[in-house]
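Colleague:
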Amino acid sequence: MNLLDSDEILTLNDKLTSFVLVSPNRVDDDDVDIFVVKAPGPPPSTPHDETRASSAAHPDETTEPCPDAAQGSKVRATLPETASIDCMTRLCDICHKALNYLGYYLDVFRSKGKEAAEDLPTACLLHHGAKTLQDGEDERCHLCVFLMATLRVERLAMESIDQSNIEICWQSNTTPIKRLHFALTHRGHPRSAKNYWNILKLHIWPSSEFDTALFGMSDEGSMKRHSSTESALTRDNAIHWLERCQANEDGKHSQCNPAVVDCLPLRLLDVKSAMETSMLKLAMPADTPDAFDSERQYVTLSHCWGKWGASELPVLTKENLAKRLRDGVPISELPKTFQDAVKVASWFNIRWLWIDSLCILQNCPEDWQRESIKMYDIYKNALLNISADDSPDGRFGCFRDRDPLAVLPINICFRGQENWKCWLTQDAHAVFNSITKSPLAKRGWVFQERQLSRRVLHFTSHELMWECCAEAPYFASETFPGGTPFKSVFNGKPKFQAKSNFGAMEHGSPAVFQAWNTICKEYSGKVFSHVKDKLVALSGLAQEFEVALPDDTYLAGIWRSTLPQSLLWQSSGESRPVPPSKHYLAPTWSWLSIDGPISPFHLDYSGSTYSLVNIVDVKTTAVFSSKRTASLKDASITMRCFMRPVEIRPDYKKKPWYMLAMGGGKAHELVIKDEDGEETSRVSNFHSDAFHFSFDIEWDQDMESGPEVVAGYFVPLTMNKPTENSSLSIQGLLVEPVGGDGQVEGEEGEATYRRIGVLSVFGPHCQRIKYKLVHDGTNEGEQDWDRLLQRLRVTHQSFENMKRAESKNESEGEVKGEAEGEAEGEAEKASEEINTKVIEADSREQLSVSERGAQIDISLVGVTERLYAFDEAVDEELGKRFERLDLKKIKLV
Ligand SMILES: [Zn+2]
Ligand SMILES: [Zn+2]
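Throughout the sequence shown, residue numbering follows the working numbering, covering 292 to 1184 in sequence.
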């Protein structure tokens, strides 16, 4: 079975019996996202081979792990005696049959070989709609409980589940199987990648490698989980996790225990007195230093305010400050999440608690500004952060009732598989979804709260999880109390401090900027109640990076040393610039000026990218001069650059019906103009990769409903040398003059522009960007352009051929391939057509660049070098016939 991308799947859907969809950038081919198996049908009828050893592994000593597991045997008893699996936890009939079929598949694979197994479907139907799944959960079928817990995390309505089938599938052609996949398909709809949703992956832990200790048990009989996360069992786990961190016995938790920075927030809540008096009092270390003499540890809370919280939270105000300091607020009047946070703090015997809305004056902008920029210190110095992940607002609290089975592994045993016994748990992605897909994870402020905190205790929909910045194990959960051996967590990366090499990374190394880019990408997708907080809510993380980048300067979400490449971020089609208001947010060249997800530019350190601009000056004016990473008053970049007026419009001529048949038309025309507005060329990106563009505004890619034409200026920022796999390219910004149609003169006389998008131009069109025609009153210049472009097309194409010929030669050992001969023929013909003999590829494979006297023996150099030689030669010729554009000094704001 081959791994295909999604487009291939759609094309080949009818021809395949099975296929796998691999997420982009996934290298581990075990880690596939979607399996689609065409018409798997029901599992073959009760497969059974009487001759093989059965019930080899049904050890009597195994105890039923769940309290009412006695009924499990009843369920099992309804299954045919020929069952291929034994299950120590309970399964409903439907789930048992499906796993039974998996056992059969494995057995065929083992006993009859891969070929025999190839004829068997690697999937089968599990549940048909919601009813049997809910019945399974009611019966306490372990697998049904897992599925239902996942569907709750996905927040999927029962009605839509009822219109779906749930299938179980696995990767064929390999044993042992490492994961089981569970997918939803829409009933009655044809199978396609769109109609196949991989909702759950179960990781298979063979008992031969992983014993009960992985699940925090001394033996199989000691599996205990409570039906609430508020239980003493849960509390003891959490206390143990903190103790493990603090004890640092394995030396891996040094990052979680940094040198003590004696830095307390301005105000804190007194947990100790609250537990005694039921009144939560505010305290100020500056006013009552005695109270903080011996007890200086505090915990923080990350929570969603939500719509409800914006008006209903009992926030701290100038008016109630004195009362809160003197008497406090009755605990009973606090929202459930805050009450729970007080309780959790008391678990750890911690006296102080910090909650934003109760510790910062919410009706005093000065107090808010002063305190909000201290978040870095507040979260970083807290003993731990309580994270109310599953609560959309304060009313929902931290704790949850849950089925204990949801945090216990399923234990099954495949008969005849050399005693193959294994544990099934949710795989890494599924486990972390309960954090990354939670209501809290969408919030902008919470992003850095989680990243900056040394330790986070997550309260998810069904279990508590521990995340610290240890090298490993930085993660533990109620399912894996001792930590998991997962290879990847949280998008493949732990909290960034946990990267053991982050601190040790060479200053300014690419890895630091890559880490920053990851943060930009994730952060840009977060939601803000007040979008004006966008800079300040990231300022703590920027400070953390300033430590790793001591020679660099932070410029509104971008690092100075990465200019101009980092200006080439791209807005997603759904994002848009934050509308101007009385609060200045960020310059248009910063991705922080955009409301919605963006993609940072992939910084190139290979040396094949070079800058086309000269950065003269960068200015940022911070609201607080001491916090340059926080809110700004003003920012600008002054640069010398090329500039060309351009227009982008939908290419109506090239957008007939068949574009729709190809899955949406995206043909556009790029019109490049001279400074005086005269059109110099027009390029279509239909059929070719002539150019790519993206606007910062919300726009529909077909430009059907938007403006008919977008006019602006192209400012080329970088040029990429051609490689064997990519052509020459220029990347730059689309800008427009500030202040309407006229160019506004800046302070120093330079014109001021704002960014409206990005544009890349590829291949032979690049040369055209840098030059303009000399107007000599004749049309000759324009014809020369055409000839040159044609010429370039031929040379680029001939190199494609040469490349092919080269590899052919290598494989066949021939001196000269036919294709190469052809290509040279074409090249020669083209060079005859053009009067100036820029390049001559003669029969002796000599490339001579006239007038420079340079001789390049192209039989000795690689294809890439030859491309350079051509580009340089053409460039030189262009320089002679055309005027190179002057660099202009402009200011970007
Ligand atoms: Zn079930
Ligand atoms: Zn730790």
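Just so you know, even glycine gets a beta-carbon here, dropped at the ideal spot from N, CA and C.
(1) Are Val1000 and Leu1024 touching if we call contact CB-CB under 7 Å?
(2) I'd like the span of the beta strand (DSSP E) that includes Pro1007, first residue to last.
(3) Measure how close the beta-carbons of Glu769 and Thr525 come, nearest whole angstrom, since I'm counting them as under 8 Å.
(4) Can you name the residues that DSSP bridges to Phe986?
(5) Given a cut-off of 7 Å, decide if Phe690 and Leu520 are closer than it, judged by their beta-carbon atoms.
(6) By Cβ distance, which residues of its chain are closer than 6 Å to His594, with the 5 residues on each side in sequence left out?
(7) Out of curiosity, what's the CA-to-CA distance linking Cys811 and Leu424?
(8) In the DSSP assignment, the alpha helix (DSSP H) including Asn640 goes from what residue to what residue?
(9) Between which two residues does the alpha helix (DSSP H) harbouring Trp757 extend?
(10) Does the Cβ of Ala529 lie closer than 6 Å to at least one heavy atom of ligand 2?
(11) When we look at the beta-carbon of Gln717 and count the other beta-carbons within 10 Å, is it buried (16 or more) or exposed?
(12) Within 6 Å: the Cβ of Leu434 and any heavy atom of ligand 1?
(13) Please confirm whether any heavy atom of ligand 2 lies closer than 6 Å to the CB of Cys536.
(14) Tell me which residues share the same chain as Pro683 and place their Cβ nearer than 6 Å to its Cβ, disregarding the 5 neighbours each side in the sequence.
(15) On the DSSP letters alone, give me the boundaries of the alpha helix (DSSP H) that Tyr392 sits inside.
(16) Whole-angstrom Cβ separation of Ile490 and Thr441, contact assumed at under 8 Å?
(17) For the alpha helix (DSSP H) containing Asn489, name the first residue and the last one.
(18) Mind checking which residues open and close the beta strand (DSSP E) that includes Ala767?
(19) Under 6 Å Cβ to Cβ from Leu859, same chain only, skipping five residues before and after it: list those, please.
(20) Could you give the distance in angstroms between the alpha-carbon of Ser663 and the alpha-carbon of Leu923?
(21) Tell me, please, which residues DSSP counts as bridged to Cys415.
(22) Less than 6 Å separating the Cβ of Ala632 from some heavy atom of ligand 2?
(23) Any idea if Lys614 is buried or exposed, counting beta-carbon neighbours within 10 angstroms, 16 or more meaning buried?
(24) Please look up how many angstroms separate the CB atoms of Val822 and Val869, rounded, as I've assumed it's under 8 Å.
(25) For a quick check, are the C-beta atoms of Pro700 and Trp714 less than 7 Å apart?
(26) Would you say Ser985 and Ser1020 are within 7 Å of each other, going by their C-beta atoms?
(27) Between Pro855 and Leu675, what straight-line distance do the alpha-carbon atoms span, to the nearest angstrom?
(28) Give a single yes or no on whether Cys655 has its beta carbon closer than 6 Å to a heavy atom of ligand 2.
(29) So what does Ile939 bridge to, in DSSP terms?
(30) Going by the C-beta, is Gly420 closer than 6 Å to any heavy atom of ligand 1?
(31) Would you identify the three-state DSSP class for Met575, choosing helix, strand or coil?
(32) With DSSP as the reference, label Gln742 as helix, strand or coil.
(33) For Pro580, which of helix, strand or coil comes out of DSSP?
(34) Over the uninterrupted alpha helix (DSSP H) stretch that includes Pro1028, give me the two end residues.
(35) Quick one: is Tyr1044 buried, meaning 16 or more other Cβ sit within 10 Å of its Cβ, or exposed?
(36) Rounded to whole angstroms, what is the Cα-Cα separation between Val807 and Ser927?
Modeller: Answer, in terms of the structure:
(1) On the sequence shown, position 709 is the one that residue 1000 refers to. On the sequence shown, position 733 is the one that residue 1024 refers to. No, the pair does not count as a contact, with Cβ atoms beyond the cut-off.
(2) Within the sequence shown, the letter at position 716 stands for residue 1007. Looking at the DSSP string, the run of the beta strand (DSSP E) that includes Pro1007 is 1001 to 1011.
(3) The residue labelled residue 769 in the question sits at position 478 within the sequence shown. The residue labelled residue 525 in the question sits at position 234 within the sequence shown. Contact annotation, Glu769 with Thr525: C-beta distance approximately 7 Å; criterion of less than 8 Å satisfied.
(4) Along the sequence shown, read from residue 1 onward, the residue named residue 986 stands at position 695. Here Phe986 is bridged, per DSSP, to Gly1048.
(5) Position 229 of the sequence shown, counting from 1, holds the residue named residue 520. Position 399 of the sequence shown, counting from 1, holds the residue named residue 690. In the sequence as displayed, the identity of residue 520 is Thr instead of Leu. Yes; because the gap between Cβ atoms is below 7 Å, this pair is in contact.
(6) Taking the first residue of the sequence shown as position 1, residue 594 is located at position 303. Listed in chain order, the non-local C-beta contacts of His594 below 6 Å within the same chain comprise Thr628, Ala679, local neighbours out to five positions each way being set aside.
(7) Working through the sequence shown from its first residue, we reach residue 811 at position 520. Working through the sequence shown from its first residue, we reach residue 424 at position 133. A straight line joining the alpha-carbon of Cys811 with that of Leu424 spans about 40 Å.
(8) Stepping through the sequence shown from its first residue, residue 640 is reached at position 349. For Asn640, there is no enclosing alpha helix (DSSP H), as DSSP gives it neither H nor E.
(9) Taking the first residue of the sequence shown as position 1, residue 757 is located at position 466. Unbroken run through Trp757 is the beta strand (DSSP E), 755 to 759; no alpha helix (DSSP H).
(10) Locating residue 529 in the sequence shown gives position 238, counting from the first residue. Checking the Cβ of Ala529 against ligand 2 gives no.
(11) As a first step, residue 717 is located in the sequence shown; it is residue number 426 there, counting from the start. So Gln717 ends up on the buried side.
(12) As a working mapping, residue 434 is identified with position 143 in the sequence shown. At a threshold of 6 Å, Leu434 counts as near ligand 1, since its beta carbon sits closer than that to one of the ligand's heavy atoms.
(13) Indexing the sequence shown from 1 puts residue 536 at position 245. Remark: the shortest separation between the CB of Cys536 and any heavy atom of ligand 2 falls under 6 Å.
(14) Taking the first residue of the sequence shown as 1, we reach residue 683 at position 392. Result list for Pro683: Cys595, Gly597, Pro730, in chain order.
(15) Here residue 392 refers to the residue found at position 101 when the sequence shown is read from its first residue. Unbroken alpha helix (DSSP H) run through Tyr392: 384 to 403.
(16) Here residue 490 is taken as the residue at index 199 of the sequence shown, counted from 1. Here residue 441 is taken as the residue at index 150 of the sequence shown, counted from 1. With a beta-carbon spacing of about 6 Å, Ile490 and Thr441 fall inside the 8 Å limit used to define contacts.
(17) For this step, residue 489 is matched to residue 198 along the sequence shown. Here Asn489 belongs to no alpha helix (DSSP H); instead the beta strand (DSSP E) covers 488 to 497.
(18) Locating residue 767 in the sequence shown gives position 476, where the first residue counts as 1. 766 to 768 is the span of the beta strand (DSSP E), which, as asked, contains Ala767.
(19) As a working mapping, residue 859 is identified with position 568 in the sequence shown. For Leu859, where only same-chain residues beyond five positions count, the Cβ hits under 6 Å are Phe892, Gln1022, Val1049.
(20) Stepping through the sequence shown from its first residue, residue 663 is reached at position 372. Stepping through the sequence shown from its first residue, residue 923 is reached at position 632. Between Ser663 and Leu923, the C-alpha separation is close to 14 Å.
(21) Here residue 415 is taken as the residue at index 124 of the sequence shown, counted from 1. Partner(s): Ile459.
(22) Residue numbering aside, residue 632 sits at position 341 when the sequence shown is read from its first letter. No.
(23) What you label residue 614 is simply residue 323 of the sequence shown in a count that begins at 1. Exposed, since its Cβ has fewer than 16 Cβ neighbours within 10 Å.
(24) Residue mapping note: residue 822 aligns to position 531 of the sequence shown, counting from 1. Residue mapping note: residue 869 aligns to position 578 of the sequence shown, counting from 1. Confirmed, Cβ separation roughly 5 Å.
(25) What you label residue 700 is simply residue 409 of the sequence shown in a count that begins at 1. What you label residue 714 is simply residue 423 of the sequence shown in a count that begins at 1. Taking 7 Å as the Cβ cut-off, Pro700 and Trp714 qualify as a contacting pair.
(26) Against the sequence shown, residue 985 aligns to sequence position 694. Against the sequence shown, residue 1020 aligns to sequence position 729. Not in contact: Ser985 and Ser1020 (Cβ atoms no closer than 7 Å).
(27) Start at 1 with the first residue of the sequence shown, and residue 855 comes out as number 564. Start at 1 with the first residue of the sequence shown, and residue 675 comes out as number 384. Taking the straight line joining both Cα atoms gives about 39 Å.
(28) The residue labelled residue 655 in the question sits at position 364 within the sequence shown. The nearest non-hydrogen atom of ligand 2 is 6 Å or more from the C-beta of Cys655.
(29) Translated into positions along the sequence shown, residue 939 becomes position 648. Here Ile939 is bridged, per DSSP, to Leu961, Val1001.
(30) Translated into the one-based positions of the sequence shown, residue 420 becomes position 129. The answer is no for Gly420.
(31) Mapped onto the sequence shown, residue 575 falls at position 284. Coil, per DSSP.
(32) In the sequence shown, residue 742 corresponds to position 451, counting from 1. Gln742 sits in a helix when the DSSP states are folded into three classes.
(33) Working through the sequence shown from its first residue, we reach residue 580 at position 289. In the three-state DSSP reduction, Pro580 falls in the helix class (H, G or I).
(34) Translated into positions along the sequence shown, residue 1028 becomes position 737. From DSSP, Pro1028 is part of no alpha helix (DSSP H) but of the beta strand (DSSP E) over 1020 to 1028.
(35) Residue mapping note: residue 1044 aligns to position 753 of the sequence shown, counting from 1. Flag for Tyr1044 reads buried.
(36) Walking along the sequence shown from the start, residue 807 turns up at place 516. Walking along the sequence shown from the start, residue 927 turns up at place 636. It should be noted that the sequence gives Trp, not Val, for residue 807. C-alpha separation (whole angstroms): 21 Å.
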